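Shown next, in structure tokens, is the structure this report addresses.
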């Protein structure tokens, strides 16, 4: 009974805290570890960036988070990227024991709060560069009753600038042997690849080329079999380099890839490095002075002559047929009599003055 009363009291206190933070425009929701699986539907209905507080009613057990059946599904939910997760650590439990092999995505902000001497609450952020990598722990900030909250001055990706030698598979339409050898190592040439080599030194990952099916270093460069940049067919299947990225065959694409609405729905683009436009060019006129013969420019001399000949022939034939019809009693007898001059005028208008609609 005493334990149940304590749990009810803690629930009441956390509900008050959640309401208080919401009143201060801090979006927060409190989830309990014990019934986390039942809260999955609640998370699927939330599409805002929130602060998720994970509570464990009682003592933190070792490997308590990996025991959550649906927690891995939640961490892989793209709608929750950019949210902040907060949990609490007992002094007797180590972080490696607490999280086990739980995959904590690189782009999630997962904070662990633990007490420290001096009535301070220390906040640490934990993540993994990749699922098989060890847990990375770094200081985030602290909170005290007298000093308040002291947090980091840098943004998330400014703090996480070390990939710890992670293997990057890249798709490239300009693969080896179109490259150069530097210190007995083959490097792909080109502007975008040079940018990638600069990032290599700053973000701690190593680039190399796949030569004769042997990975000389830590990055593979692959070429799509269809040698296409990437488009989607009627069945929704992508080809080219975008298709390799969608299917998980590569981690990034290096090249001049045009940003379209369909590609934006399928993959994520980096900050544009080059902006290009499509334009229509015409030859500059050699002479800007008024030339009265410019109206004849659309057709050649032979074509103009052919039009005149056809106009004369049609006018003559039409006049002859009109005269024959009047003479042999066709319905044209009662109509107006047309002369060659009038027929030629009508023919000229049809050949040279007609407008398209």
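In the UniProt record's numbering, the protein residues as written are 1 to 357. C-beta: ideal position from N, C-alpha, C; glycine also. Bear in mind the structure is a predicted one, so any value in this text is a computation, not a measurement.
Buried or exposed by the 16-neighbour rule on C-beta atoms within 10 Å, applied to residue i
| i | result |
| --- | --- |
| residue 164 | exposed |
| residue 273 | exposed |
| residue 341 | exposed |
| residue 310 | exposed |
| residue 109 | buried |
| residue 277 | exposed |
| residue 57 | Here the model assigns residue 57 a pLDDT of 44, short of 50, so the residue's position is not dependable and the matter cannot be decided. |
| residue 83 | buried |
| residue 52 | buried |
| residue 129 | buried |
| residue 170 | buried |
| residue 193 | buried |
| residue 172 | buried |
Proximity to residue i [Cα-Cα], best of the options
| i | options | result |
| --- | --- | --- |
| residue 256 | 275, 321, 128, 97 | 275 |
| residue 244 | 259, 228, 234, 233 | 228 |
| residue 91 | 340, 115, 346 | 115 |
| residue 135 | 106, 159, 118, 157 | 106 |
| residue 190 | 254, 237, 233 | 254 |
| residue 122 | 131, 327, 130, 138 | 138 |
| residue 201 | 235, 166, 224 | 166 |
Residue(s) in a DSSP beta bridge with residue i
| i | result |
| --- | --- |
| residue 84 | 51, 109 |
| residue 283 | Answer is none; residue 283 lacks a bridge partner. |
| residue 316 | According to DSSP, residue 316 bridges with nothing at all. |
| residue 136 | 127 |
| residue 141 | 123 |
| residue 325 | DSSP lists no partner for residue 325. |
| residue 148 | 144 |
| residue 31 | 54 |
| residue 232 | 238 |
| residue 114 | 122 |
| residue 252 | 170 |
Nearest-angstrom Cβ-Cβ length linking residue i and residue j, presumed shorter than 8 Å
| i | j | result |
| --- | --- | --- |
| residue 102 | residue 89 | Not really, about 14 Å apart at Cβ, beyond 8 Å. |
| residue 104 | residue 126 | 6 Å |
| residue 246 | residue 266 | 5 Å |
Cβ-Cβ distance between residue i and residue j below 8 Å
| i | j | result |
| --- | --- | --- |
| residue 358 | residue 204 | The structure shown does not extend to residue 358, since the chain is modelled only from 1 through 357, so no value can be given for it. |
| residue 54 | residue 31 | yes |
| residue 141 | residue 148 | no |
| residue 168 | residue 252 | yes |
| residue 111 | residue 144 | no |
| residue 315 | residue 343 | yes |
| residue 263 | residue 230 | yes |
| residue 318 | residue 347 | yes |
| residue 307 | residue 351 | yes |
Beta carbon proximity, residue i to chain C, threshold 8 Å
| i | result |
| --- | --- |
| residue 136 | The question asks about chain C, but that chain is absent: this structure has only one protein chain. |
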